[in-house]
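Q: Input: one structure, supplied below.
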Amino acid sequence: MSKKEFIRNFSIIAHIDHGKSTLADRLLELTETVAKRDMQEQLLDNMDLERERGITIKAHAVKLDYKALDGNTYNLNLIDTPGHVDFNYEVSRSLAACEGAVLIVDASQGVEAQTLANTYLALDHDLELVPVINKIDLPAADPERVAKEVEDIIGLDCSEAPKVSAKTGENVEKVLESIVKLVPPPENNDDKPLRALVFDSVYDSYKGVIVYVRVVDGQIKAGDTMRMMATGAEFTVVEVGYMRPTFMEKTDVLSSGEVGYITASIKTVGDARVGDTVTTAENPAAEALPGYRKVNPMVFCGVYPADGADYEALREALEKLQLNDAALSFEPETSGALGFGFRCGFLGLLHLEIIQERLEREYNLDLVTTVPSVIYKIHLTNGEMVEIDNPSHYPDPATIDYAEEPTVEAHIYAPPSYVGQIMDLCQDRRGVYIGMTYLDADRVDLHYKLPLNEIIYDFFDALKSRTRGYASFDYELADYQRSSLVKLDVLLNGDTIDALSFIIHSDKAYGRARKIAEKLKDNIPRQMFEIPVQIAVGSKVIARETVKAMRKDVLAKCYGGDITRKKKLLEKQKEGKKRMRQFGTVEVPQEAFMAVLKLDDE
Amino acid sequence: MHIPFCRSKCPYCDFYSLRADDSTKEQYVNVLKNRITAEMSKIPCKADTLYIGGGTPSVLGAENLGKIVKSALPFLTSDAEITVECNPFGLSEDFFKTLAFYGVNRISMGLQSANDGERRALGRLSDSETVKKAVKNAQKSGIENISLDVMLGIPCQTEKSLAGTLDFCVSLGVPHISAYILKLEEGTVFYNKQASLSLPDDDAVADLYLQACETLEKNGIMQYEISNFAKSGYESRHNLKYWNCEEYLGLGPAAHSFLNGKRFYFERDLNAFLNNAKPIQDGDGGDFTEYAMLRLRLTDGLLNSEAEKRFGHKIPDEMIKKSAVFADNGLMEISETGIRLTRKGFLISNSILAEIL
């Protein structure tokens with residue numbers, strides 16, 4: 002057990018790509034927590050996907066030993082945070098486990114949207130901030146200007162801020178000294194009843210769920226009966242210890258101020274949710290730590306196996322992923338067009354993409370996903386309200402009094418020269434302008450209220466392309482507001498294709514309908530007869546295209562009695578059919594279906 | 408009987424044929440004659456058709472062809488249809504007279520196109536005037552049952568050029584036309600340089616096909632199979648064997664047979680055949696699916712009465728049910744007597760068959 006004054010609990014916060022993971026790697030190296038030969042690039046990002054995308058998806062924590070210039074050895078607990086708005090809640094729990102945060106700012110790019118968003122989040126938790134100017138090795142680096150920007154915009158003294166290159170390692174040791182100097186040690190509350198904050202939990206097939214905690218009050222050891230305060234669930238503690246970068250270090254007891262893990266044969270991460278408080282059944286705390294909430298999925302879509310035979314495999318894969326991801330929800334659903342699949346709920350679009358990619362990559366599944374949807378609140382004329390996240394459940398318009406859709410408050414940071422384009426985009430996405438603040442001469446903060454369904458597909462990409470990558474974007478959920486919504490149905494040869502239906506604002510229905518009709522026409526191969534492609538609101542068709550009939554597909558020759566050759570061609574043709582998806586009487590190849598769903602990519 | 412010899416290889420053709428000297432041809436004729444006697448002796452009934460195809464059978468000369476026919480005569484019915492495929496180049500009245508003498512009563516000639524530009528693109532060595540002369544010579548020799556092959560969808564073909572070709576056939580008074588849509592076969596010259604061929608697109612080919620069907624029928628040459636047209640009574644008895652899923656014996660390298668319920672063939676190897684090659688087994692033939700696949704190539708289509716006679720059951724309900732959507736779209740016709748493809752249906756018969764079989 003370390004003395005409290007030698008403990009420092011901190012996170013690293015940064016805008017995406019400002020070098021958080023690289024700096025973390027250097028800190029691990031410097032403290033010799035990881036031998037250089039064991040060093041993999043960006044060790045904290047365990048998953049392949051994280052390493053490829055350069056983003057941290059789930060929080061991790063690691064204990065470092067650092068011998069400081071004052072001769073003392075400090076116990077530094079680095080708690081990594083996910084770097085994307087979809088995981089804002091998890092970020093807030095990680096921060097709540099710390100006394101300080103290292104704020105990284107890119108020496109060429111300066112303060113960006115998530116720099117500010119994360120700073121505010123850190124300040125909300127009364128964290129001591131340690132500013133670090135990174136990437137000073139870049140030719141475009143201007144550490145002095147950026148330091149001034151941080152002082153001006155955030156009001157943080159940067160006179161002592163280390164100016165480092167995490168890439169080359171230059172000055173990185175100064176970051177460790179600043180942490181020791183600036184971040185306060187935790188309080189000693191060993192005598193109080195146990196309260197430990199769960200900031201992450203990970204499923205392990207041998208140990209069950211590994212619960213990552215920051216002990217705030219009291220102590221916990223093997224054999225204790227732990228109790229989750231939100232759910233009341235109790236488990237016998239099997240083991241406690243510290244997380245080292247390459248192994249788990251068992252210990253006798255975790256006490257206040259420390260960061261470590263608990264295992265207790267817990268079966269799913271849903272039983273040890275992020276933000277919950279661990280206490281003991283023997284001596285329970287009166288009150289849980291503040292800030293727990295159950296994270297609810299925001300974005301929904303149907304996930305179907307491309308090959309119906311993979312349905313069970315998909316279920317097993319989703320179950321396995323859910324063991325480790327309490328925010329992922331799924332339930333079986335059936336589509337006339339796509340067969341059996343699952344309605345899945347995600348925190349946001351990135352979360353959706355990550356899950357989809359992991360299913361495809363780690364579980365080798367070929368998937369078809371439907372258009373993502375948010376949760377709409379539909380108020381019926383009989384006074385009832387229904388929440389709809391699946392267009393196929395959309396009520397008969399005649400029974401609808403009014404509808405509401407979720408909105409977000411968005412902040413877009415960009416150079417002033419792009420304000421026009423950004424405003425056009427937000428206007429186009431039904432945004433309501435709230436305000437604009439000049440952060441400095443080179444950067445404005447555009448504040449908009451936007452419907453969530455306008456930003457879940459492609460808003461970020463559109464923003465990036467209109468501002469040549471200079472804009473950054475952050476949002477948080479706001480309220481529901483009344484909206485004029487309609488459900489668009491896609492009909493092929495007169496049959497409604499349920500998987501292609503979606504809910505959209507009435508002003509946008511015509512434009513979108515035309516685009517979809519064109520896309521389908523171009524992507525559906527000619528069939529044996531003419532196929533009308535219709536997009537309808539209720540019974541009213543608002544866009545129409547036609548897939549022309551195939552004219553020629555015939556074996557004219559008789560091949561001198563070689564009938565086998567004809568039979569083989571017939572078999573081949575039948576095989577080809579299997580790769581198509583049957584929509585009523587129309588066969589649509591997988592690619593065409595995907596092209597329609599990815600309408601917004603262009 | 409397959410005669411695997413040609414003067415030269417046409418750029419679209421993937422049938423088995425070679426150039427050969429006279430002694431090889433002589434040897435082949437002898438081996439074939441012996442094989443005919445040997446194999447036909449095993450068959451308890453007589454055949455009512457003999458088809459000598461190729462390749463180019465006419466390169467053997469009338470006497471050689473006559474010898475082959477003569478060796479087969481003991482195994483043929485007295486009214487048998489005896490066809491020889493000919494390349495029209497340099498075929499005299501005497502040539503046909505000799506064939507007629509031996510019993511040949513039907514000639515099939517490759518015209519492909521009456522447009523000499525198109526003929527050159529197809530690698531034909533003669534002009535349409537040569538074909539005309541050959542047809543007249545055959546007619547003068549007393550063989551009036553003549554079939555001309557026409558190709559559709561060939562390089563640079565237009566509605567107008569096809570009209571010319573069809574007029575040419577009609578004016579010669581031949582009672583049978585085979586009109587084949589060009590198919591690019593892998594390994595052929597055409598396949599390898601298709602991009603530079605100025606081939607009409609699928610829509611244009613479909614229109615050419617419909618034009619051919621309509622023009623021929625206007626002139627009394629009625630469609631009876633996807634690619635075959637005849638004046639009443641002149642339908643090729645031999646080719647109908649294939650479409651009716653009846654049995655036949657094919658001799659020669661690359662020749663296919665359907666005998667006693669088994670399909671088999673000789674490999675594409677002249678020397679092997681000359682050395683008494685054994686046929687290669689190709690599985691069972693003649694099940695209902697195969698029968699339906701073949702019958703649906705005929706304008707008569709698949710008939711309940713015939714199916715009942717042969718398989719003891721009518722057309723399965725499932726198949727009729729699947730056909731309904733095609734009938735609704737003018738691609739098939741369903742009646743009490745059976746199901747059949749329309750002309751538009753023929754054009755996409757591969758897709759339809761894959762659906763209903």
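Just so you know, the sequences run in chain order A and B. Read left to right, the first sequence gives residues 2 to 603 (the numbering used here). Read left to right, the second sequence gives residues 408 to 764 (the numbering used here). For glycine and all other residues, C-beta sits at the position ideal for the given N, C-alpha and C.
#1: Would you say the segment 102-111 of chain A touches the segment 65-76 of chain A, given that touching needs at least three Cβ pairs under 8 Å?
#2: Per DSSP, what are the beta-bridge partners of Ile755(B) in this structure?
#3: Compare the Cα-Cα distances from Leu314(A) to each of Val239(A), Lys567(A), Gly342(A) and Asp443(A) and report the closest residue.
#4: Taking the runs of the alpha helix (DSSP H) that are 4 residues or longer, which of them lie wholly in the segment 499-574 of chain A?
#5: What are the start and end residues of each continuous alpha helix (DSSP H) run of 4 or more residues lying completely inside the segment 453-480 of chain B, in chain order?
#6: Is the CB of Ile564(A) under 8 Å away from at least one CB in chain B?
#7: Does Lys320(A) come out as helix, strand or coil in the three-state DSSP assignment?
#8: Buried or exposed: Pro452(A), going by 16 or more other Cβ atoms within 10 Å of its Cβ?
#9: Please state if the CB of His412(A) and the CB of His448(A) are separated by a distance shorter than 8 Å.
#10: What are the residues that DSSP puts in a beta bridge with Val260(A)?
#11: For Ile410(B) and Gly460(B), what's the separation of their Cα atoms in angstroms?
#12: State buried or exposed for Asn522(B), treating a residue as buried only when at least 16 other CB atoms are found within 10 Å of its CB.
#13: Name, please, each residue of chain B whose Cβ falls closer than 7 Å to the Cβ of Leu493(A).
#14: Using 10 angstroms around the beta-carbon of Ala118(A), count the other beta-carbons present and answer buried if the total reaches 16, otherwise exposed.
#15: Any beta-carbon of chain A closer than 8 Å to the one on Ala613(B)?
#16: Excluding the 5 residues preceding and the 5 following Lys4(A) in the sequence, name in chain order all residues of the same chain whose CB lies nearer than 8 Å to its CB.
#17: Could you tell me the distance, in whole angstroms, from the CA atom of Asp604(A) to the CA atom of Asp201(A)?
#18: State buried or exposed for Arg38(A), treating a residue as buried only when at least 16 other CB atoms are found within 10 Å of its CB.
#19: Since Gln546(B) is in the alpha helix (DSSP H), which residue starts that stretch and which ends it?
#20: Looking at the secondary structure, which residues open and close the beta strand (DSSP E) in which Tyr481(A) lies?
#21: From the DSSP output, in three-state form, read off Lys164(A) for me.
#22: Assuming Gly668(B) contacts Gly693(B) (C-beta within less than 8 Å), just tell me the rounded distance between them.
#23: Can you tell me the Cα-Cα spacing of Thr565(A) and Arg316(A), whole angstroms?
#24: Among all the DSSP beta bridges, which residues are the ones paired with Gly209(A)?
#25: Which two residues bound the contiguous alpha helix (DSSP H) that contains Pro144(A)?
#26: Going by DSSP, which residues form a beta bridge with Ile80(A)?
#27: For a contact defined as C-beta to C-beta under 8 Å, what are the partners of Gln574(A) on chain B?
#28: Taking DSSP's pairing of strands, which residues face His409(B) in a bridge?
#29: If you draw a straight line from the alpha carbon of Pro582(B) to that of Met629(B), how long is it in whole angstroms?
#30: For Val487(A) versus Val538(A), is the C-beta distance shorter than 8 Å?
#31: Quick one: does Ala557(A) have its CB under 8 Å from some CB of chain B?
#32: Taking 8 Å as the CB-CB cut-off, is Asp367(A) touching chain B?
#33: Determine the direct distance from the alpha carbon of Glu363(A) to that of Pro723(B), and round the result to whole angstroms.
#34: On the premise that Asp308(A) lies in contact with Asp367(A), defined as a C-beta separation below 8 Å, what is that separation, rounded to the nearest angstrom?
#35: Based on DSSP bridge pairs, tell me the residues matched to Leu710(B).
#36: Indicate whether at least one CB of chain A lies closer than 8 Å to the CB of Lys716(B).
A: Judging by the given coordinates:
#1: no
#2: Your numbering for residue 755(B) matches position 348 in the second sequence. In DSSP, Ile755(B) forms no bridge with anything.
#3: Stepping through the first sequence from its first residue, residue 314(A) is reached at position 313. Note on identity: in this sequence residue 314(A) is Ala, with Leu being the wrong assignment. Of the candidates Val239(A), Lys567(A), Gly342(A) and Asp443(A), the one whose C-alpha sits nearest the C-alpha of Ala314(A) is Gly342(A).
#4: 510-524
#5: 469-479
#6: Residue numbering aside, residue 564(A) sits at position 563 when the first sequence is read from its first letter. For Ile564(A), the answer is yes, since a Cβ of chain B falls inside 8 Å of its Cβ.
#7: Against the first sequence, residue 320(A) aligns to sequence position 319. Sequence inspection shows Glu at residue 320(A); the Lys mentioned does not correspond to that position. Three-state DSSP puts Glu320(A) in a helix.
#8: One-based indexing of the first sequence puts residue 452(A) at position 451. Buried, by the Cβ-count rule.
#9: Within the first sequence, numbered from 1, the residue matching residue 448(A) stands at position 447. Within the first sequence, numbered from 1, the residue matching residue 412(A) stands at position 411. Going by C-beta atoms, His448(A) is nearer than 8 Å to His412(A).
#10: On the first sequence, position 259 is the one that residue 260(A) refers to. DSSP, once it has assigned bridges, lists Arg215(A) as partnering Val260(A).
#11: To locate residue 410(B), count along the second sequence from 1; it is residue 3. To locate residue 460(B), count along the second sequence from 1; it is residue 53. Rounded to the nearest angstrom, the two C-alpha atoms are 6 Å apart.
#12: For the purposes of this step, residue 522(B) is identified with residue 115 of the second sequence, where counting begins at 1. The residue is buried, with at least 16 neighbouring Cβ atoms inside 10 Å.
#13: Within the first sequence, residue 493(A) is the residue found at index 492, counting from 1. None at all; the shortest Cβ gap to chain B is about 14 Å.
#14: The residue labelled residue 118(A) in the question sits at position 117 within the first sequence. With 16 or more other Cβ atoms within 10 Å, it is buried.
#15: For the purposes of this step, residue 613(B) is taken as the residue at position 206 of the second sequence. Ala613(B) counts as touching chain A.
#16: Translated into the one-based positions of the first sequence, residue 4(A) becomes position 3. Cβ neighbours of Lys4(A) beyond the five flanking positions: none.
#17: The requested residue 604(A) is not part of the displayed model; chain A covers only 2 to 603.
#18: Numbered from its first residue, the first sequence carries residue 38(A) at position 37. Note that Arg38(A) scores 46 on pLDDT, short of 50, meaning its location in the model is unreliable and no value can be drawn from it.
#19: Counted from its first residue, the second sequence places residue 546(B) at position 139. Note, Gln546(B): alpha helix (DSSP H), Ser535 to Lys547.
#20: Position 480 of the first sequence, counted from the start, is the residue given in the question as residue 481(A). Unbroken beta strand (DSSP E) run through Tyr481(A): Ser473 to Ser484.
#21: Here the question's residue 164(A) lines up with position 163 in the first sequence. Lys164(A) falls in the strand class under three-state DSSP.
#22: Start at 1 with the first residue of the second sequence, and residue 668(B) comes out as number 261. Start at 1 with the first residue of the second sequence, and residue 693(B) comes out as number 286. That belief holds up - the Cβ atoms of Gly668(B) and Gly693(B) are roughly 6 Å apart, short of 8 Å.
#23: Translated into positions along the first sequence, residue 565(A) becomes position 564. Translated into positions along the first sequence, residue 316(A) becomes position 315. So the alpha carbons of these two residues sit roughly 42 Å apart.
#24: Taking the first sequence and counting its residues from 1, the one referred to as residue 209(A) is at position 208. DSSP output for Gly209(A) lists Asp205(A) as bridge partner(s).
#25: Here residue 144(A) refers to the residue found at position 143 when the first sequence is read from its first residue. Looking at the DSSP string, the run of the alpha helix (DSSP H) that includes Pro144(A) is Pro144 to Ile155.
#26: Locating residue 80(A) in the first sequence gives position 79, counting from the first residue. Partner(s): Ser12(A) and Ala62(A).
#27: In the first sequence, residue 574(A) corresponds to position 573, counting from 1. Within 8 Å Cβ-Cβ: Asn757, Ser758, Leu760 and Ala761.
#28: Along the second sequence, read from residue 1 onward, the residue named residue 409(B) stands at position 2. Note: His409(B) sits in a beta bridge opposite Gly460(B).
#29: As a working mapping, residue 582(B) is identified with position 175 in the second sequence. As a working mapping, residue 629(B) is identified with position 222 in the second sequence. Going from the Cα of Pro582(B) to the Cα of Met629(B) covers about 10 Å.
#30: Here residue 487(A) corresponds to residue number 486 of the first sequence, with the count starting at 1. Here residue 538(A) corresponds to residue number 537 of the first sequence, with the count starting at 1. In contact: Val487(A) and Val538(A) (Cβ atoms closer than 8 Å).
#31: For the purposes of this step, residue 557(A) is identified with residue 556 of the first sequence, where counting begins at 1. Taking Cβ atoms only, chain B reaches closer than 8 Å to Ala557(A), which makes this a yes.
#32: Here residue 367(A) corresponds to residue number 366 of the first sequence, with the count starting at 1. It does not; no Cβ of chain B falls within 8 Å.
#33: Taking the first residue of the second sequence as 1, we reach residue 723(B) at position 316. Taking the first residue of the first sequence as 1, we reach residue 363(A) at position 362. So the two alpha carbons sit approximately 46 Å from each other.
#34: For the purposes of this step, residue 367(A) is taken as residue 366 along the first sequence, with counting starting at 1. For the purposes of this step, residue 308(A) is taken as residue 307 along the first sequence, with counting starting at 1. Asp367(A) to Asp308(A), Cβ: 6 Å. Contact.
#35: Counted from its first residue, the second sequence places residue 710(B) at position 303. Leu710(B) is bridged to Gly745(B).
#36: Position 309 of the second sequence, counted from the start, is the residue given in the question as residue 716(B). Chain A, which has no Cβ nearer than 8 Å to the Cβ of Lys716(B), makes this no.
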